[in-house]
Amino acid sequence: MATGAPGTTRWGDEGALVAEFALVLPFLALIVLGIFEFGMSWRESANLAGALRGTARQITNLGDVRSADYFGLQSYQAAMAQARNVQTNRVVVYRATGPDGAPAAASCLTTAPPLTGTAGYGSTGNCNIYTRAQIANLGASYLTNFGTTDTACAATAWDRFWCPVSRNADQGDPPDWVGVYANVTYDSYTGLIPNTITITDRVVMRNEPRVG
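Just so we're aligned, residue 0 is where the sequence shown starts under numbering that gives the first Met the number 0, counting upward by one.
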């Protein structure tokens with residue numbers, strides 16, 4: 000083995016450096032992949048929050064207009080089109096007890112209808128629960144899924160449980176607080192975290208007041 004001046008690398012040290020790098024490389028890879036995975040999950044969580052704000056804004060702007068939920072869900076669908084590795088399990092439009100976001104009925108957030116269900120779900124006077132299948136087929140037929148009249152919700156309408164026309168948007172009454180909640184599944188890219196993570200979020204806004 001050749002030697003050199005003090006402080007210089009010896010030829011034999013090259014093998015040791017390669018061995019040390021091989022030992023460290025897996026940990027470096029884990030760190031990089033972990034940063035990537037965390038960044039992607041944070042991105043999807045932020046995207047969901049933005050989608051809910053847009054949905055709530057659309058619904059509360061329309062107030063007691065019959066198609067409020069329909070156009071709100073369209074806003075949600077458009078915003079979530081940017082999502083990657085995310086599937087919506089359900090979206091809930093509910094009557095909140097106040098600006099803190101609590102629903103009038105706890106079942107509004109705990110009830111989990113079938114992902115493929117399209118019958119319409121909710122709690123009467125409290126909330127409408129929209130499934131993955133309903134959101135995916137939102138534009139299939141407004142008249143079939145939400146009804147043919149602007150003054151009432153049909154018995155089979157998806158939004159019949161808390162019909163938009165029954166919501167208070169009068170300035171002097173006062174207007175209802177409307178909450179929008181979503182439960183989504185995020186699929187891991189790398190498998191470093193559990194294969195799927197459930198992300199939930201909610202936004203509450205007040206119906207835009209109108210002179211009654």
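No residue lacks a Cβ here, since even glycine has one placed at the ideal position from N, Cα and C.
- Under the 10 Å beta carbon count, LEU27 is surrounded by fewer than 16 other beta carbons and is classified as exposed.
- In the DSSP assignment, ARG131 falls outside any beta strand (DSSP E) and lies within the alpha helix (DSSP H) extending over 131-135.
- Going by C-alpha positions, THR115 is about 24 Å away from PRO102.
- Look at GLN73 here: in three-state DSSP terms it is helix.
- By a beta-carbon distance limit of 8 Å, VAL164 contacts ASP63. Their separation comes to about 5 Å.
- Partner residues in the beta bridge of THR197, as assigned by DSSP, are THR184.
- Taking the Cα positions, ARG159 is about 16 Å away from GLY178.
- Taking the CA atoms as reference points, ALA153 sits about 7 Å from PHE145.
- Note on geometry: alpha-carbon atoms of ALA55 and PRO174 lie some 14 Å from one another.
- Nearest C-alpha to ASN167 among GLY38, VAL17, THR59 and SER40: THR59.
- Between TYR75 and VAL90, the C-beta spacing is below 8 Å.
- Membership of SER122 in the beta strand (DSSP E) is indicated by the continuous run 120-122.
- For THR87, the uninterrupted beta strand (DSSP E) run begins and ends at 85-95, by DSSP.
- Around the beta carbon of ARG83, fewer than 16 other beta carbons sit within 10 angstroms, so the residue counts as exposed.
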